[in-house]
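Q: Protein chains in written order, with the numbering used here: chain A, -1 to 346; chain B, -1 to 346. For glycine and all other residues, C-beta sits at the position ideal for the given N, C-alpha and C. Structure incoming, see below.
There are 2 protein chains.
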Amino acid sequence: MNNITLKKLADELNMSPSTVSRALRDSHEISQETKDRVKALADKLDFQPNPHASSLRKNKSRTIAVVIPEIQNNFFSQVMNGVEEVARQKGYHVLIYLTHEDHKREEDILHLLRSGRVEGVMISVSNTTKNFEHIEACQKADLPLLFFDRVCENMEVPCVTTDDASAAFKATEHLIKSGCKNIVFLSMADSLSISCGRKTGYLKALSKYGFANKEKVIECGPDDETNRRKIQQVLQSEDRPDGIFAAVEKFAVNTYEVCRELDIKVPQHLKVISFSNLSAAALFNPPLSTIVQPAYDIGKESAAILFKIIDKKKLLSSEKRIVIPSHLVIRESTTSKQYAKPPVLFKQ
Amino acid sequence: MNNITLKKLADELNMSPSTVSRALRDSHEISQETKDRVKALADKLDFQPNPHASSLRKNKSRTIAVVIPEIQNNFFSQVMNGVEEVARQKGYHVLIYLTHEDHKREEDILHLLRSGRVEGVMISVSNTTKNFEHIEACQKADLPLLFFDRVCENMEVPCVTTDDASAAFKATEHLIKSGCKNIVFLSMADSLSISCGRKTGYLKALSKYGFANKEKVIECGPDDETNRRKIQQVLQSEDRPDGIFAAVEKFAVNTYEVCRELDIKVPQHLKVISFSNLSAAALFNPPLSTIVQPAYDIGKESAAILFKIIDKKKLLSSEKRIVIPSHLVIRESTTSKQYAKPPVLFKQ
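In structure tokens form, the structure reads like this:
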């Protein structure tokens, strides 16, 4: 990299390397005149201290890690945007790690991070993560930790989430008020905190409006083809739904694809609502009603709390569990148009 | 972080720290028996070598940096996916930096990176970057560098791009063959390599089909409101276009928004095609014809080339300028339906 070392700078100035080093760190032991001379030459030669030497000395890498399931997802990319904003202001670097929803990869990543490469870790767990030993090991190693979005409820680790249960309740209630009597919930893996929260909200709304016996949860996953088959099956069943509530955007996209294929009209035959941070949802045919999560704010808030922990500031109890509300955006996919006769292609 | 140091490990084993260190690095000077004893205890105590000490010794951080304009963009998030895949296999860490299309931020980031924090940098320049001194400074400092997507043609730096000009030619040709006679190109800043390439392709197609005098380029930018105003203006002008070719997805979204507002029917009144990596483009109303860039492959290929440079392997001349083709996906927004009478709301 840059060839100018502290040693070369010292030789050029006819000073000892330790004097140069202290001058650059603005030590009170060094005179202003010397500091000025050192800094002028350092600027001129574009000298920069070796970050590894400085990290070793201070045991500080000025780096945090963000561990997320995937990046091709509007929610997580907006979170990254918020994290980066706060880290930049604080003069920190951000490492990004993708687990691709794989428990083993997540373990390997956290194992690597325990060695002190970073000063803190923000994580949203993968949907195949069923035990948390790898995260507990980080905790034992005193590595500052924070969960966001997908958390582990049982661990004493600060977390930043949205109000999944209450947002899901409102979404389900909105479907019911738009005339739906048979609502299917397309969920993620049950082990995920957000999946549980969203399911709880769905069930609570069904129960409040007298549909407790109409509960129908279909677990979808990363594979589009499998999801479409499951959705197709339920939409062609005898007891076919008139509303679909998708736990994540991907499943709403799969639903729209199936509806196009089977010529099911949204919202006339089926109403659809989904958690989604896709701004283009308004351009869908028909425009998709969404529950929009405060992704950018979750990223900013998470980074701010993580830096508090890194700086060894005491967290207020309100800062240990931060919940930032989502909001509903109602569009055509759930409006209560006249209910048309279902097309003939449904299986009897 | 982890409290187990090399020193503690050595004390526990009654060996010198240097013996323990050499045993862990599998040195031939150490007997197998000693290695086994050291490794067994290191595993038991979850010892991991200090990465900063090891980076300082080897002058290797096992980290690369990716500098991109933004992450809330399907193209760049798919690129990141490809980069991460290759880096993980190679045992490298990935730092992510966002310039938010700001030249000054880009300069600051590259200044930081020159200090040796990373072994190599991949960059897609911001659309406000008009000089390249900050990148030349990295080059002088012998920092391995690679451009992807948005490159600086005049620098001797390897780059990985798509065939912007030829893909833009095909897109424009497709509009002409679908009946368009008056095609507007919504471009990015002229200083961007990809913008030039795409404009070149657009002009070449106009010229080939006898529309050289119908050239109309509108420069759009990051602000949605400004873009919509510009698009609205041209769509309400006397010489209004019957085709729009958007250089990036964002401008196609702006176009759709304006069409909804003005009740302009796509594709009857206006045909629209755009560079875009949004899979949900198929669900738009109407489904949007797109030029899909090989984003994931650009990410993988870029990382692979960067690692070759880091490992001081000689690049073949074919590896210095890699071009991976994009492909057209034709959907309803450009099909040649019967041309309907334009709505009355157009200004005369």
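Would you say PRO340(B) faces chain A, with C-beta separation under 8 Å as the test?
A: In this prediction, PRO340(B) scores a pLDDT of 45, lower than 50, which makes its location untrustworthy; no coordinate-derived value is stated.
Q: Would you tell me roughly how many angstroms separate the C-alpha atoms of ASP140(A) and GLU27(A), rounded to the nearest one?
A: 34 Å
Q: What is the residue span of the beta strand (DSSP E) that GLU217(B) lies within?
A: For GLU217(B), the enclosing beta strand (DSSP E) begins and ends at 214 to 217.
Q: Would you mind sorting ASN152(B) into buried or exposed? The rule is 16 or more other CB atoms within 10 Å of its CB.
A: So ASN152(B) counts as exposed.
Q: Should ARG227(B) be flagged as near chain A, meaning a C-beta pair shorter than 8 Å?
A: no
Q: Using DSSP with H/G/I as helix, E/B as strand and the rest coil, what is PHE45(A)?
A: coil
Q: Smallest Cα separation from ALA63(A): which of LEU11(A), LYS5(A), PHE146(A), ALA40(A)?
A: PHE146(A)
Q: Let me make sure I understand the geometry here. Which of GLU223(A), SER191(A), VAL264(A) has the alpha-carbon closest to that of SER334(A)?
A: VAL264(A)
Q: Quick one: give me the first and last residue of the alpha helix (DSSP H) that LYS318(B) is part of.
A: 315 to 318
Q: ARG196(B) CB to nearest chain A CB: under 8 Å?
A: no
Q: Run down chain B in chain order and give the residues with a C-beta less than 8 Å from the C-beta of ALA135(A).
A: Within chain B, the residues placing a beta-carbon under 8 Å from that of ALA135(A) are ASP44, ordered along the chain.
Q: Determine, for MET78(B), whether the minimum Cβ-Cβ distance to residues of chain A falls below 8 Å.
A: yes
Q: Check the Cβ-Cβ distances between TYR207(B) and every residue of chain A, and say whether any is below 8 Å.
A: no
Q: So, under 8 Å CB-CB, PHE282(B) and ASN125(A) are touching, yes? Tell me the CB distance rounded to an integer number of Å.
A: That belief does not hold up - the Cβ atoms of PHE282(B) and ASN125(A) are roughly 28 Å apart, past 8 Å.
Q: Is the shortest distance between the beta-carbon of SER16(A) and the beta-carbons of chain B less than 8 Å?
A: no
Q: Relative to the C-alpha of TYR90(A), which residue among VAL77(A), THR61(A), ARG115(A) is closest?
A: Ranking the options by Cα distance to TYR90(A), first place goes to THR61(A).
Q: Can you find a C-beta in chain A that's less than 8 Å from the C-beta of HIS91(B)?
A: yes
Q: Short check: CB of GLU104(B) to CB of VAL123(B), under 8 Å?
A: Yes, they are a contact pair.
Q: Hey, could you find the ends of the beta strand (DSSP E) PHE347(B) is sitting in?
A: Look at the range of chain B in this structure, -1 to 346, and you will see that residue 347(B) is not part of it.
Q: Rounded to the nearest angstrom, how far is the Cβ of VAL222(B) from that of ASN252(B), given a contact under 8 Å?
A: The residue asked about is misnamed: residue 222(B) is Asp in this sequence, not Val. ASP222(B) to ASN252(B), Cβ: 6 Å. Contact.
Q: Which residues of the region 269 to 282 of chain A have a Cβ closer than 7 Å to any Cβ of chain B? Give them in chain order.
A: LEU276, ALA278, LEU281, PHE282
Q: Could you confirm whether any beta carbon from chain A is found closer than 8 Å to the beta carbon of VAL84(B)?
A: no
Q: Could you name each continuous beta strand (DSSP E) segment of 3 residues or more that falls completely within the region 144 to 172 of chain B, going from the start of the chain to the end?
A: The qualifying runs are 157 to 160.
Q: Using alpha carbons as the reference points, say which of ALA210(A), SER331(A), VAL246(A) lies closest to SER287(A).
A: SER331(A)
Q: Do we get a CB-CB distance below 8 Å when we pair ARG329(B) with the residues of chain A?
A: no
Q: So, for ILE242(A): in the same chain, excluding its five sequence neighbours on each side, which residues have a beta-carbon less than 6 Å away from its beta-carbon?
A: VAL182, THR253, VAL270
Q: Going by beta carbon distance, what residues of the same chain come within less than 6 Å of PHE74(B), once the five residues before and after it are set aside?
A: ILE66
Q: Between which two residues does the beta strand (DSSP E) holding LEU96(B) run?
A: That run of the beta strand (DSSP E) goes 91 to 96.
Q: Tell me the residue span of the beta strand (DSSP E) that contains HIS26(A).
A: Neither: HIS26(A) is in no beta strand (DSSP E) and is coded neither H nor E.
Q: Between the C-alpha atoms of PHE249(B) and LEU184(B), what's the straight-line distance to the nearest angstrom?
A: 7 Å
Q: Strictly by DSSP, which residues pair up with VAL81(A)?
A: Assignment of beta-bridge partners to VAL81(A) by DSSP yields no partner.
Q: Suppose you measure from the CA of PRO156(A) to the CA of GLN137(A); what does that come to, to the nearest Å?
A: 12 Å
Q: Would ALA210(A) be called buried (16 or more neighbouring beta carbons within 10 Å of its own) or exposed?
A: exposed
Q: Distance check for PHE45(B) and ILE2(B), CA to CA, integer angstroms please.
A: 6 Å
Q: Pull the bridge partners of LEU326(A) from the DSSP assignment, please.
A: Residue pairing for LEU326(A): DSSP places it in a beta bridge opposite ILE289(A).
Q: What in chain B is Cβ-close to ILE303(A), meaning under 8 Å?
A: The contacting residues do not exist; ILE303(A) stays about 19 Å from chain B at best.
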